[in-house]
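First residue of the sequence shown? That's 0 in numbering that gives the first Met the number 0, and the numbers climb one at a time after it. Accompanying notes for the structure given below.
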Amino acid sequence: MFQRTREYDEMNYLQQFFLYQSNHQMIMGVMTLVVYYGQKKWSAPRAYEDMMKPIPPVFKNYMNVASYPLIEMRYLDPERFHTQKLKELITELKYLYNHQYDETHDITVSHEIAITLAALTKNTQIYEKVKEKKIDMCQAIRDYGKENLRIGKKEGIIQTLIKQLQSKLGFLSKDTLAKIKSCNQEQLDSLTIHIFDIYSEKDILHYLSFD
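The structure is reproduced here in structure tokens:
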């Protein structure tokens, strides 16, 4: 994890350095946060130092072994967040990871958070509750506004998926958007379950079975 993050940051600094050399554009500091949403506590190295033999204290301050901030969602305090959606997401994620899934537990989060939980935990039971309309849709309807209230459940889910994919990939072509909007329920289910396995538009088409 940290090696990939370090490479990305170095590439960013290198690009800025070339701009500084050419037109003296000042370099901006790069800050990268890694969010880990797994159930088990993170145990992998966070820096080269974690894989080294003990460093003599006299040399330690001179070693270039910077670590990177790692945020473990399971151990976050929901009350420290001001956004209600984040509070709900973290609270439900902690519940699922700290206990066995309980059918009697009343999940009353928005549809958007419900499918995010299903994707993060790969918990098909949550997604089944979404499909069976066991999720309280009131908050989702308020979030989506009057337009989504008119266009209904399926279109609301599609718009949520599009927003999440655009946030993750940065851009979706008109062709890809059209295919997402025209997908059937089976394709919609596939895209929802695998949303966190998607890294390109090619992946989207794969899970929609268009390729």
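Note that the Cβ used here is the ideal one computed from N, Cα and C, for glycine as well.
Whole-angstrom C-beta distance between residue j and residue i, which should lie under 8 Å
i           : j           : result
residue 211 : residue 96  : Look at the range of the chain in this structure, 0 to 210, and you will see that residue 211 is not part of it.
residue 168 : residue 194 : Actually they do not touch by this definition, with Cβ atoms about 11 Å apart.
residue 196 : residue 202 : 7 Å
residue 19  : residue 25  : 7 Å
Residue i (DSSP reduced to helix, strand or coil)
i           : result
residue 102 : Note on residue 102: pLDDT 49, under 50, position unreliable in the model; the coordinate value appears next. If DSSP states are grouped into helix, strand and coil, residue 102 belongs with coil.
residue 13  : helix
residue 183 : coil
residue 191 : helix
residue 143 : Annotation note: pLDDT 32 at residue 143 (below 50); position unreliable, coordinate value reported separately. Helix.
residue 208 : coil
residue 234 : Since the first residue shown for the chain is 0 and the last is 210, residue 234 is missing from the structure and cannot be characterised.
residue 75  : coil
residue 197 : coil
residue 66  : coil
residue 155 : helix
residue 165 : helix
residue 214 : There is no way to answer for residue 214, as the model of the chain reaches only from 0 to 210.
Span of the beta strand (DSSP E) around residue i
i          : result
residue 35 : 33 to 35
residue 70 : 69 to 71
Top-ranked residue by Cα proximity to residue i, from the options
i           : options            : result
residue 114 : 82, 155, 76, 77    : 155
residue 204 : 191, 195, 13, 178  : 178
residue 13  : 0, 1, 27           : 27
residue 33  : 3, 39, 17, 94      : 3
residue 198 : 166, 94, 176       : 166
residue 175 : 192, 7, 200        : 200
residue 38  : 45, 65, 50, 121    : 121
residue 184 : 206, 196, 173, 202 : 206
residue 94  : 82, 116, 111       : 116
residue 7   : 67, 208, 54, 41    : 67
residue 46  : 55, 5, 162         : 5
residue 35  : 51, 54, 50, 75     : 75
Limits of the alpha helix (DSSP H) - the one that residue i falls within
i           : result
residue 23  : Counting along the chain, residue 23 falls outside any alpha helix (DSSP H), and DSSP gives it neither H nor E.
residue 170 : Here residue 170 belongs to no alpha helix (DSSP H), and DSSP marks it neither H nor E.
residue 97  : 83 to 97
residue 58  : 56 to 59
residue 116 : 110 to 120
CB contact flag (residue i, residue j, <9 Å)
i           : j           : result
residue 119 : residue 92  : yes
residue 48  : residue 62  : yes
residue 182 : residue 190 : yes
residue 86  : residue 109 : no
residue 43  : residue 0   : yes
residue 180 : residue 157 : yes
Distance cut-off 8 Å: residue i Cβ against heavy atoms of the ligand MG
i          : result
residue 24 : Absence of the ligand MG from the depicted structure is noted, as is the absence of any ligand whatsoever, leaving it without description.
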